[in-house]
Amino acid sequence: MSDSSPGLGVAFDRAADDWLAWQQTPWARVYYALVRHVLAALPEVPGRSLNVLDVGGANGVDSLPLLVAGHRVTVLDFSPVLLAEAVAAAERAGADGDRLRVEHRDVGDPRPLPLPADATGWDLVLCHNVLHYRDDPAELVGRLVAVTRPGGALSLIAPNPAMDVLAAAIRDGDPRQGLEMLEAPTRRSVTIGEPMHRLERASVEAAVRDAGAVVTDRFGLRTVIDLVTDDELKRDPEWLRQTTELELALCSRAPYRDIARFWQLICRRPD
Numbered sequence: 001m002s003d004s005s006p007g008l009g010v011a012f013d014r015a016a017d018d019w020l021a022w023q024q025t026p027w028a029r030v031y032y033a034l035v036r037h038v039l040a041a042l043p044e045v046p047g048r049s050l051n052v053l054d055v056g057g058a059n060g061v062d063s064l065p066l067l068v069a070g071h072r073v074t075v076l077d078f079s080p081v082l083l084a085e086a087v088a089a090a091e092r093a094g095a096d097g098d099r100l101r102v103e104h105r106d107v108g109d110p111r112p113l114p115l116p117a118d119a120t121g122w123d124l125v126l127c128h129n130v131l132h133y134r135d136d137p138a139e140l141v142g143r144l145v146a147v148t149r150p151g152g153a154l155s156l157i158a159p160n161p162a163m164d165v166l167a168a169a170i171r172d173g174d175p176r177q178g179l180e181m182l183e184a185p186t187r188r189s190v191t192i193g194e195p196m197h198r199l200e201r202a203s204v205e206a207a208v209r210d211a212g213a214v215v216t217d218r219f220g221l222r223t224v225i226d227l228v229t230d231d232e233l234k235r236d237p238e239w240l241r242q243t244t245e246l247e248l249a250l251c252s253r254a255p256y257r258d259i260a261r262f263w264q265l266i267c268r269r270p271d
């Protein structure tokens, strides 16, 4: 989740405790349940052991379930604090540590992204919640496609600008802010306090096509829970279970996926 700016890397290290605490909130748990659902449904995931690259993967929260499932995972991130937590989390989960590699690297590093030791490309590349910190997200998309093996999959996630407007007006009760959000090019991250580009899914889809890959699936993550104002209700286990079930049903359906808190693209590099 890091960018080429040293200040951003420092911000992530400084906010590491807040970031890890956020991962335990009900809304984060819904998000991770949806990500696991989408990735587990990829046709190659239940089959042979995959080489997985998690770019800007922080503490590996999105890729460690794949490690536990028997795949080989490399987590690349700017933050040594969060990479150390990825290793500790894998140990707590009882995963095979030999299948996990962490690499302390800025995604803006001009060197090519790493390749698996025994292959010319990755079977699955994750780049979740990174692109909106980049001044040139299309450049990073091109590099991600380049290290995905022919026939391999690439998963991209970023916050959806449509939900910025709805959440401001409905959840926060501030329609004026919602109106301002309609044209705002950036917003500030609540967790780390850094600016983020408001990145439309369509512009990233264009970058994927320009890089020679194909978008095969579109998902929306968290359509309902981000519009609920009652945080205590969100912590009710039965309400959360039912809401997660609803979110799972909505995540692949238009128009619900188009207004969710995050958009997710599954892309393929043609054989």
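Reminder that position 45 of the sequence shown reads as 45 in the UniProt record's numbering, one-by-one numbering, no gaps. Every residue gets a Cβ at the ideal spot worked out from N, C-alpha and C, and that includes glycine. These numbers come from a predicted model, not from an experiment.
- Look at H71 here: in three-state DSSP terms it is coil, with no helix or strand label.
- Looking only at G173, G151, R198, V75, the smallest Cα-Cα distance to V228 is reached by G173.
- Pairing A249 with S155, the inter-Cα distance amounts to about 20 Å.
- Around the Cβ of D62, a 10 Å sphere holds 16 or more other Cβ atoms; the residue is buried.
- Runs of the beta strand (DSSP E) lying entirely within the segment 130-196, each at least 3 residues long, are 148-159, 186-188 in chain order.
- Here the C-alpha atom of A41 lies approximately 20 Å from the C-alpha atom of A260.
- DSSP places D77 in the strand class (E or B) of the three-state scheme.
- Residue pairing of W239 in beta bridges, as defined by DSSP: absent, with no partner found.
- Taking a contact to require three or more Cβ pairs closer than 8 Å, the segment 121-132 and the segment 144-161 qualify as touching.
- Counted as a single uninterrupted DSSP element, the alpha helix (DSSP H) harbouring D18 occupies residues 16-22.
- Cβ neighbours of L182 within its own chain (closer than 7 Å, five residues either side excluded): V165.
- G94 and D231 have their alpha carbons spaced roughly 33 Å apart.
- Per DSSP, the unbroken beta strand (DSSP E) holding R218 starts and ends at 214-221.
- Cβ neighbours of E103 within its own chain (closer than 6 Å, five residues either side excluded): L76.
- Selection T186, Y133, V145 evaluated against P114 yields V145 as nearest (Cα-Cα).
- Under the DSSP assignment, E103 falls in the beta strand (DSSP E) whose first and last residues are 100-104.
- In the structure shown, L42 falls within a coil segment according to DSSP collapsed to helix, strand and coil.
- The residue from F219, G142, Q177, Y256 with its alpha-carbon nearest to that of L34 is F219.
- Taken atom to atom, the span from the alpha-carbon of R171 to that of M196 is near 20 Å.
- H71 has its alpha-carbon roughly 11 Å from the corresponding atom of D98.
- Annotation: R111 is outside any alpha helix (DSSP H) and is labelled neither H nor E by DSSP.
- Scanning E200, P26, A16, T223 for the CA closest to the CA of L240 turns up P26.
- For L124, the enclosing beta strand (DSSP E) begins and ends at 122-128.
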